[in-house]
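All residue numbers for the sequence shown refer to my numbering, where the first residue is 362 and numbers rise by one.
Glycine included, each C-beta is placed from N, C-alpha and C at the ideal position.
Since the model is a prediction, treat every value here as computed from it, not as a measurement.
Down below is the structure, laid out as structure tokens.
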Amino acid sequence: MTEREKMIAGMIFDVSGSDMPRERKRSHQLCNEYNRTNEDEEEKRLEILDQLLGAHGAHYWMEPDIRLDFGANITLGENFYSNYNLTILDNAPVTIGNDVLIGPCVTIATAIHPLVAEERRIHFKEDGTIYNLEYAKPVTIGNDVWIAAGVTIAGGVTIGDGAVIGCGSVVVRDIPAGYLAVGNPCRPIRKITDKDRMIFDRPMDGASACTEVNDEVADTGINK
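Take a look at the structure:
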């Protein structure tokens, strides 16, 4: 069993083993190339993402800068968008559903280092090369999830469909579907209901919806 196979299986593995340093170097180089692109180079950005990601659906976009450790272990659904400074340490699989929005400065970290200091140290083999042991747990994000700015998601977490993670949260345990969750550690606060609708319950096109809702907000004095 290769070190990479151990990594994907959630077993303890040697970070420096097998072809992993080469794979990570390739991913980091592609990320650097992506981050140097201009705003009008949309096709080039999509070409780079296609090389980076393990799999993706239609309509996906990442604002630079991005940092993906391997990239190949990331699967995106359809209609994905991430804002600036997304970091994904995908030592284990990261699976993201359809219609997911990610705010700026979000980190998804699947890697787990030893708690005991002696085990965290860099060790040397008989031939003088180093080895460094860790393991990783997968992250799964369901459909229709919104992850707000500055959120950190740890390995082993599943976020259910339709959940909203408030800004600055640290997610270390599963979040149920359809809940607003906030905090460090992140906890479900309440169920998201129809009372949370921004455009209420009226069938309107986008332009008229914005006009009517803004008029009602002005009438309430909320923004005074």
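query: Can you pull the DSSP bridge partners for D375?
result: L494, per the DSSP bridge assignment.
- request: Following the continuous alpha helix (DSSP H) through L407, name the residue where it begins and the one where it ends.
  value: Residues E403 to L413.
Through-space distance from N446 to V532, alpha-carbon basis: Just so you know, the alpha carbons of V532 and N446 end up roughly 18 Å apart.
message: I need the straight-line Cα distance from R534 to T468, nearest angstrom please.
response: Cα-Cα distance, rounded: 15 Å.
message: Quick check on the DSSP output: what are the complete beta strand (DSSP E) runs of length 3 or more inside the segment 502–536, in order along the chain?
response: Positions of the beta strand (DSSP E) runs, each at least 3 residues long and wholly inside the segment 502–536, are given as 513–515 in order along the chain.
field: L541 beta carbon less than 8 Å from that of G527
entry: Cβ atoms of G527 and L541: closer than 8 Å.
- prompt: Ends of the alpha helix (DSSP H) at Y395?
  reply: Residues M381 to N396.
K472, DSSP secondary structure in three states: With the sequence shown as reference, residue 472 is identified as Ala, and Lys is not the correct amino acid for it. In the three-state scheme derived from DSSP, where H, G and I count as helix and E and B as strand, A472 is classed as strand.
Enclosing alpha helix (DSSP H) for R365 [first to last residue]: Counting along the chain, the unbroken alpha helix (DSSP H) around R365 starts and ends at E364 to I369.
- prompt: How do the segment 455–464 and the segment 475–484 stand: do at least 3 beta-carbon pairs fall below 8 Å, yes or no?
  reply: Result no; under three Cβ-Cβ pairs closer than 8 Å.
query: In the DSSP assignment, what are the bridge partners of P500?
result: The residue you asked about is not Pro; residue 500 is Val in the sequence shown. Answer is V455, bridged to V500.
DSSP-derived helix/strand/coil call for K556: In the structure shown, K556 sits in a helix (DSSP, three-state: H, G or I).
Bridge partner(s) assigned by DSSP for H417: Within the DSSP secondary-structure output, H417 pairs in a beta bridge with L437.
message: Quick check on the burial criterion: 16 or more other C-beta atoms within 10 angstroms. Buried or exposed for F599?
response: No information on residue 599 is available, as it lies outside the stretch 362 to 585 that the chain covers here.
field: Rounded C-alpha distance that separates R406 from L414
entry: Cα to Cα, R406 sits roughly 12 Å from L414.
message: I want to know whether the segment 494–506 touches the segment 364–382 - three or more CB-CB distances under 8 Å.
response: In short, these stretches touch, since the Cβ pair count reaches three.
Identity of the residues DSSP links to F485 by a beta bridge: I491.
- prompt: Considering only the beta carbon of each residue, do I598 and L429 sit closer than 8 Å?
  reply: This structure gives no information on residue 598, because the portion of the chain shown stretches from 362 to 585.
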